[in-house]
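Comments concern the structure below.
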Amino acid sequence: MRKPMPTIREQERELQERLRREKIPHRKIKLHMLVLLKSGKASDRQTVAEQLAVHRNTVGRWLFQYEEGGIKALLEIRTPRRRRGQRTLPPEVVQALRQRLQDPAGFGSYGELQNWLRQIHGQEVKYKTLYRIVRYELKANPKRRRIANE
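Residue numbers (the working numbering): -2 to 147.
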């Protein structure tokens, strides 16, 4: 069952003016879609998709956004949420690891560090994950003395 095309509420002249002024390509193509539909140069999703060189499902998704929230929702560019650090190890284990890494003796290798986590804290961590946590999140190296980076 085909879904009917939504009614474009803005005036064609207003849409063309916004299209002319718009600098952001993602918004520009969406405005172009609205202009095509309002002017009658395209009457269905497939025609719009062919003229804009996008998939018809993309046009359908854009029209759904427009139907739900108007032009503001259609032109909104969402940014992905920032990830909040690692969640592999509990905070108390990360704190113990940070303190242990500041010990001048350090560890001989990441394998030794894995064994320490397994024996002392009961945490099984992949080598690659442990490397990422120590190297990039704690900004440390297990083989030499660490300087607090806080």
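We treat Cβ as the ideally placed atom computed from N, Cα and C, and that holds for glycine.
Just so we're clear, the structure is a prediction, and the values are computed from it rather than from any experiment.
Query                                                                                                     : Result
The segment 80 to 100 in contact with the segment 62 to 69 per 3-pair CB rule at 8 Å                      : no
Cβ-based burial, E102 [other Cβ within 10 Å; buried from 16]                                              : Contrary to the premise, residue 102 reads as Ala rather than Glu in this sequence. So A102 ends up on the exposed side.
Three-way DSSP call (helix, strand, coil) for A39 in this model                                           : coil
Separation of G37 from K69, as counted between CA atoms                                                   : 22 Å
Beta carbon of I74 nearer than 8 Å to that of L34                                                         : no
Secondary structure of E147, DSSP reduced to three states                                                 : At E147 the pLDDT is 49, less than 50, meaning the model places this residue with poor confidence; the figure from the coordinates comes in the next sentence. E147: coil per DSSP, three-state reduction.
Rounded separation between L71 and R78 - CA only                                                          : 19 Å
Anticipated Cβ contact below 8 Å, L159 with L127, distance rounded                                        : With the chain covering only -2 through 147, there is no way to say anything about residue 159.
Q92, buried or exposed, once every other Cβ within 10 Å from all chains shown has been counted against 16 : exposed
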